[in-house]
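Q: These protein sequence lines are chains A and B, in that order.
Residues in the first sequence are numbered from 144 upward in steps of one, following our numbering.
Residues in the second sequence are numbered from 144 upward in steps of one, following our numbering.
2 protein chains.
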Amino acid sequence: MTGSAPRTDRQTAVASVSDRTLRALHGYQIKRAFNVIQSDLNRTLKPFDLRMITYTALVLIVDNPGLRQSQLAEAMDIERPNLVVIVDELERRDLITRDRLASDRRAYALKATPEGLELCEQAVAAVRLHEDQLLEGISPDALTKAMKVMQLIEANGRRTD
Amino acid sequence: MTGSAPRTDRQTAVASVSDRTLRALHGYQIKRAFNVIQSDLNRTLKPFDLRMITYTALVLIVDNPGLRQSQLAEAMDIERPNLVVIVDELERRDLITRDRLASDRRAYALKATPEGLELCEQAVAAVRLHEDQLLEGISPDALTKAMKVMQLIEANGRRTD
DNA sequence: TATTGTTATACTCTATAACTATA
DNA sequence: TATAGTTATAGAGTATAACAATA
Numbered sequence: 144m145t146g147s148a149p150r151t152d153r154q155t156a157v158a159s160v161s162d163r164t165l166r167a168l169h170g171y172q173i174k175r176a177f178n179v180i181q182s183d184l185n186r187t188l189k190p191f192d193l194r195m196i197t198y199t200a201l202v203l204i205v206d207n208p209g210l211r212q213s214q215l216a217e218a219m220d221i222e223r224p225n226l227v228v229i230v231d232e233l234e235r236r237d238l239i240t241r242d243r244l245a246s247d248r249r250a251y252a253l254k255a256t257p258e259g260l261e262l263c264e265q266a267v268a269a270v271r272l273h274e275d276q277l278l279e280g281i282s283p284d285a286l287t288k289a290m291k292v293m294q295l296i297e298a299n300g301r302r303t304d
Numbered sequence: 144m145t146g147s148a149p150r151t152d153r154q155t156a157v158a159s160v161s162d163r164t165l166r167a168l169h170g171y172q173i174k175r176a177f178n179v180i181q182s183d184l185n186r187t188l189k190p191f192d193l194r195m196i197t198y199t200a201l202v203l204i205v206d207n208p209g210l211r212q213s214q215l216a217e218a219m220d221i222e223r224p225n226l227v228v229i230v231d232e233l234e235r236r237d238l239i240t241r242d243r244l245a246s247d248r249r250a251y252a253l254k255a256t257p258e259g260l261e262l263c264e265q266a267v268a269a270v271r272l273h274e275d276q277l278l279e280g281i282s283p284d285a286l287t288k289a290m291k292v293m294q295l296i297e298a299n300g301r302r303t304d
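#1: Could you round the C-beta distance between A:GLY259 and A:LEU215 to whole angstroms and report it? I think they count as a contact, below 8 Å.
#2: Is the Cβ of A:SER246 closer than 9 Å to any Cβ of chain B?
#3: B:LYS254 lies in the beta strand (DSSP E); which residues open and close that run?
#4: Does the segment 278-290 of chain B come into contact with the segment 230-247 of chain B, if we say contact requires no fewer than three beta-carbon pairs (one atom in each stretch) closer than 8 Å?
#5: Whole angstroms is fine: what's the gap from A:GLN212's alpha carbon to A:TYR251's?
#6: Do A:GLY209 and B:ILE180 have their beta-carbon atoms positioned less than 9 Å apart in this structure?
#7: Between B:ILE125 and chain A, is the shortest Cβ-Cβ distance under 9 Å, so that the two count as touching?
#8: What residues from the segment 248-259 of chain A come within 9 Å of chain B, judged by C-beta to C-beta, listed N to C?
#9: Determine whether the Cβ of A:LYS327 lies closer than 9 Å to any Cβ atom of chain B.
#10: Can you check which of these residues, B:ARG248, B:LYS254, B:LEU244, B:VAL227, is closest to B:LEU238 by C-alpha distance?
#11: So, does the CB of A:ILE229 fall closer than 9 Å to a CB anywhere in chain B?
#12: Can at least three beta-carbon pairs, one atom from the segment 166-174 of chain A and one from the segment 164-181 of chain B, be found at a separation below 8 Å?
#13: Measure how close the beta-carbons of A:GLU297 and B:ARG175 come, nearest whole angstrom, since I'm counting them as under 8 Å.
#14: So, at 7 Å on beta carbons, what are the nonlocal neighbours of A:GLY146 in its own chain, with the 5 sequence-adjacent residues on each side left out?
#15: Do B:ALA268 and B:LEU193 have their C-beta atoms within less than 9 Å of each other?
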């Protein structure tokens, strides 16, 4: 907002990190950015009683009706056991339904309820607004390219596994 | 390595995520990339008995001799209490020293020992090699710009706090 | 025999309050 | 009184093994 803000500057912790250090800590730079995003997101989602992880699950279910839990777990890159409590929570709040598949009675088809859809729309809108602030000074093109880099890193990592 | 790898493809979880969904989940894309980086990094660092967080602390101490714990905590974006165990571990392994400052006897000056410096050099080299694989197909320019985006997000987040 | 969802569990990282010793 | 480092503790998120029901 203020452009070149008047920096409180209670003395910079690390005077100036050397190029060598920066190169050694690419991963940590991403971690720091992610921390900022996650805490901002969780603050934004608090009024909806959602966290980043429950929000993500809800968005994916809304956008992919009939998704199975194992597919959702893979899409979110978390282990199946860890997804159970998340789906439990969304179901308990009547934001989604868990229906047995006729074709495979081991699996559940996840679908958003009207309430879930409504909450999702509102949450997505709120997240967009907050994200605009977080992405201030970043061109759409630069963001798209940065996300492309993230996707490539992810794909390379899965290849290496 | 294999260029266009022959993808095992046990059926894609989410057929094709809509543009709308992708836009709603920028943060999650960064999370997924970070997860990949972190697990690859921890695997790489295992032979040195380091984790991402202890590695980062060590690199920063090596590069900024005399750093105080509070400065290191700020640089790493973690709370002071959480840094204590990390510094404890590095000190116990004789990789760093904790010396009382004469000018302020509450604070410690952190410095790497010769052993710490040696281990750090080896670890940094190993990380670089692994990172090259993870960053395959990403131009140095694209990486630099993506890191710039990460820095901007981080800065915007701190401003919003 | 393999897979879906589940339970139980353990480990790491993170966040907060309260303490001590110095300033 | 304020700050540096510390302790204790609680909460997320993550990872693994083992189980029941179904394929």
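By construction, the Cβ of each residue, glycine as well, lies at the ideal position given by its N, Cα and C atoms.
Note that the coordinates shown come from a computational prediction; the quantities given were computed from them, not determined experimentally.
A: Taking the definition as stated:
#1: The Cβ separation is near 14 Å, so there is no contact.
#2: Not one beta carbon of chain B lies nearer than 9 Å to the beta carbon of A:SER246.
#3: 251-255
#4: The segment 278-290 of chain B vs the segment 230-247 of chain B: no contact.
#5: Between the alpha carbons of A:GLN212 and A:TYR251 lies a gap of roughly 7 Å.
#6: The criterion of a C-beta distance shorter than 9 Å is not satisfied by B:ILE180 and A:GLY209.
#7: Outside the displayed range of chain B (144 to 304) lies residue 125 of chain B, so it cannot be described from this structure.
#8: Answer in chain order: no residues at all.
#9: Past the boundaries of the shown model lies residue 327 of chain A; chain A is included only from 144 to 304, so the question cannot be answered.
#10: B:LYS254
#11: Not closer than 9 Å to any Cβ of chain B, the Cβ of A:ILE229 fails to qualify, so no.
#12: Cβ pair count under 8 Å is three or more, so yes.
#13: Contact holds; Cβ gap of about 5 Å.
#14: Caution is warranted here: a pLDDT of 33 is assigned to A:GLY146, below 50, making its placement in the model unreliable, and no coordinate value can be reported.
#15: Going by beta carbons, B:ALA268 and B:LEU193 fall outside the 9 Å limit.
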